[in-house]
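Position one of the sequence shown corresponds to residue 250 (our numbering), numbered consecutively onward.
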Amino acid sequence: MSNSPVTAQAKGAGRVSAESNSAVGEQSSVKPKKATKGSTVKPESRLAMVRRARRINRELAEVYPYAHPELDFRNPFELLVATVLSAQTTDLRVNQTTPALFAKYPTPEDMAAAVPEELEAVIRPTGFFRAKAKSLIGLSTALRDRFDGEVPGRLADLVTLPGVGRKTANVVLGNAFGVAGLTVDTHFGRLVRRWKWTDQEDPEKVEAEIAAIFPKSEWTMLSHRVIFHGRRICHSRKPACGACPIAHLCPSYGEGETDPEKARKLLKYEMGGYPGQRLSPPADYPGKPAPPLGAA
């Protein structure tokens, strides 16, 4: 698949290439207002929070016009398997592992009949390979026996499969079937709490509260944008606040590095000029594809 830069027509594309990281820093020149000593900050109303949340989503859409699922897949079954494998590891490691996996087990029927030890050997790089192999054989068996070998397109059906919860189901529904859903992974949960959209920790409660802020049509792409931002700029331990294009909208500005030059050094993937997580990224992805497993 070709990896041409984002076209000039792509809105906001100038912010995202490695050559234009300075533009990202410029976006953060407008800093959030901080309370001065002895002053009080008026609590934000819900209406103001919703307006700010929707503005963040609009601005992230300009920063990441190419946002996409970062797991390589060609059909719903491959996406389902890859998402199960992505637990407790990176999408990059999954993408480096699945080519050999799907060459050996291309269908639910093939995977259902897998010898556990042989399947474990293939998926070992993703970690927790015994538990994951058990889930993959179990869900493949269920697909074969209960769904005629096809991945169902309903949440209620997907969550009955071994190893499949709401997060995995929403990934599959949103990206393989076009059914709107919110993917509440660790990045999504961390950022929506930093932005004060919710204070919930439970993923299902987070999902419910965020769903009430945005129209359903935005759910899938909102998930991609937030997760992209969490992986590239708003990191868990050291967010790159000084290079953040939405710093002026962030109530948690200052938790990370605020110096623009130092913050730019923290940027990851295409924002920092490095390869992404997909071996076969979309054609409009402005970064470099990831290397295969074992490549130098």
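Note that CB positions come from ideal geometry on N, CA and C, so glycine has one too. Predicted model only: the values in this text are computed from it and were never measured.
(request) For Glu506, I'd like the list of residues in its chain whose CB is within less than 7 Å of its CB, leaving aside the five on either flank, ordered along the chain. (result) Lys487, Ala489, Cys490, Gly491, Ala512 and Leu515
(request) Assuming Thr347 contacts Ala331 (C-beta within less than 8 Å), just tell me the rounded distance between them. (result) 6 Å
(request) Could you have a look at Ser271 and say whether DSSP puts it in helix, strand or coil? (result) For Ser271, the pLDDT reaches just 39, beneath the cut-off of 50, and the residue's location in the model is therefore unreliable, although a value from the coordinates is still provided. Of the three classes helix, strand and coil, the one that applies to Ser271 here is helix, per DSSP.
(request) Would you please state the rounded distance, in angstroms, between the beta carbons of Ala297 and Trp446? I believe it to be under 8 Å. (result) Contact flag wrong, Cβ pair sits at about 12 Å.
(message) For Ser529 and Gln449, what's the separation of their Cα atoms in angstroms?
(response) 35 Å
(request) For the segment 298-361, list the alpha helix (DSSP H) runs that are entirely contained and at least 4 residues long, ordered along the chain. (result) 325-334, 340-353 and 357-361
(request) Determine the burial state of Thr417: buried for a count of at least 16 other Cβ atoms within 10 Å of its Cβ, exposed for fewer. (result) buried
(request) Work out the CA separation of Arg379 and Ser485 for me, nearest whole Å. (result) 28 Å
(request) Return yes when the C-beta of Ile459 is under 7 Å from any heavy atom of the ligand PLP, and no when it is not. (result) Among the components of this structure there are no ligands whatsoever, and the ligand PLP is therefore not found.
(request) With Thr390 as the anchor, note down where its alpha helix (DSSP H) starts and where it stops. (result) Phe378 to Arg395
(message) Suppose only complete runs of 4+ residues qualify. What are the alpha helix (DSSP H) ranges in the segment 472-541, listed by chain order?
(response) 509-513
(request) Specify, as a first and last residue, the run of the alpha helix (DSSP H) that Gly423 falls within. (result) Arg415 to Ala425
(message) Checking 8 Å against the spacing of the C-beta atoms, do Leu574 and His478 come in under that value?
(response) The structure shown does not extend to residue 574, since the chain spans only 250 to 545, so no value can be given for it.
(request) Report yes or no: is there a C-beta of chain D within less than 8 Å of the C-beta of Ile495? (result) Here chain D cannot be found, since the structure has a single protein chain.
(request) Put Thr447 into one of helix, strand or coil per three-state DSSP. (result) coil
(message) Here's the rule I'm using: 16 or more other beta-carbon atoms within 10 Å means buried, otherwise exposed. How should Asn324 be labelled?
(response) exposed
(message) With distance defined between alpha-carbon atoms, name the residue in Thr356, Tyr518 and Gly543 nearest to Tyr313.
(response) Tyr518
(message) So for Ser466, helix, strand or coil by DSSP?
(response) helix
(request) Measure the alpha-carbon distance for Val333 versus Pro535 and round it to whole angstroms. (result) 27 Å
(message) In the DSSP assignment, the alpha helix (DSSP H) including Pro570 goes from what residue to what residue?
(response) Examination of residue 570 is not possible in this model, given that the chain is present from 250 through 545 alone.
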